Amino acid sequence: MSLVIDSSATLAWIYAEEATQNILQVFHRVTENGAWVPSLWCLEVANVLEMGVRRGRHDAAFRDASLSDLALLPIQSDPDTQAHAWSATLRLAERHRLTLYDAAYLELALRRGLPLASLARDLRAAATNERIELLGS
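What follows is the structure in structure tokens.
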């Protein structure tokens, strides 16, 4: 079965010092079964990697190699993220006091009936309240 993966879980996989056994298992599952992400995921991940270059955490070659590695994975961007942004996603953000960005992952997991891989505490709490299977802690 596929899953929804957020940027926190993705970045924990990219930065080896942050990768837990659970995150490694999530990415094995992504490799085997694919994953879904809201359309903002690419921007979030690339932004963190670019900020890492600017702050001296890593160089541009690491950023580019990481993005190339992610591009090889069977991760699909949801074409309907925008259509739900001002309705279901906004309501979830309001109900759970999430950012709209985090609520987009929650909305996608709910709509597709998929587990959610995230390390974000508030998002994980909201997913638990919505009875979504959680991965990646």
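Quick note on the working numbering: the sequence shown kicks off at 391 and runs consecutively.
In this text, a Cβ means the ideal position worked out from N, Cα and C, and glycines have one as well.
Bear in mind that the values here come from a model prediction, so they are computed numbers and not experimental data.
D468 and S508: beta carbons closer than 8 angstroms? Judged by beta-carbon spacing, S508 lies beyond the 8 angstroms limit of D468, meaning their Cβ atoms are not closer than that value.
Exercise for review: Using only the heavy atoms of the ligand GDP, determine whether one of them is closer than 7 angstroms to the beta carbon of P464.
Suggested key: The ligand GDP is not part of this structure, which contains no ligands at all.
I'd like the span of the beta strand (DSSP E) that includes I465, first residue to last. Residues I465 to S467.
Q) N423: which of L490, E440, P505 and A451 sits nearest, CA to CA? A) Ranking L490, E440, P505 and A451 by Cα distance to N423 puts P505 first.
Residue from A515, A493 and I404 with nearest C-alpha to L463: The shortest C-alpha separation from L463 is found at I404.
*E497: which of A510, R481, C432 and V443 sits nearest, CA to CA?*
Cα-wise, what sits closest to E497 is R481.
By a C-beta neighbour count over all protein chains shown, 10 Å radius and 16 as the cutoff for buried, is H474 buried or exposed? Classification for H474: buried.
Specify the secondary structure class of A425 as computed by DSSP and reduced to three states. A425 falls in the strand class under three-state DSSP.
#### Entry: Assumed close pair I413, A402 - CB separation to whole angstroms, cut-off 8 angstroms
Taking C-beta atoms under 8 angstroms as the contact rule, I413 and A402 qualify, at a distance of about 5 angstroms.
- Message: If you measure between the beta carbons of S397 and V443, is that distance less than 8 angstroms?
- Response: Cβ distance not < 8 angstroms, so S397 and V443 don't count as in contact.
Kindly provide the ranges of any alpha helix (DSSP H) runs that are 4 or more residues long and lie completely inside the region 491-524, ordered along the chain. Counting only runs of 4 or more, we get 511-519.
Take the Cβ of T489 as the centre, count every other Cβ of all protein chains shown within 10 Å, and call the residue buried at 16 or more, exposed below. Answer is exposed; the Cβ neighbour count stays below 16.
Determine the contact status of L513 and D492, defining contact as a CB-CB distance below 8 angstroms. Yes, these two residues count as a Cβ contact at 8 angstroms.
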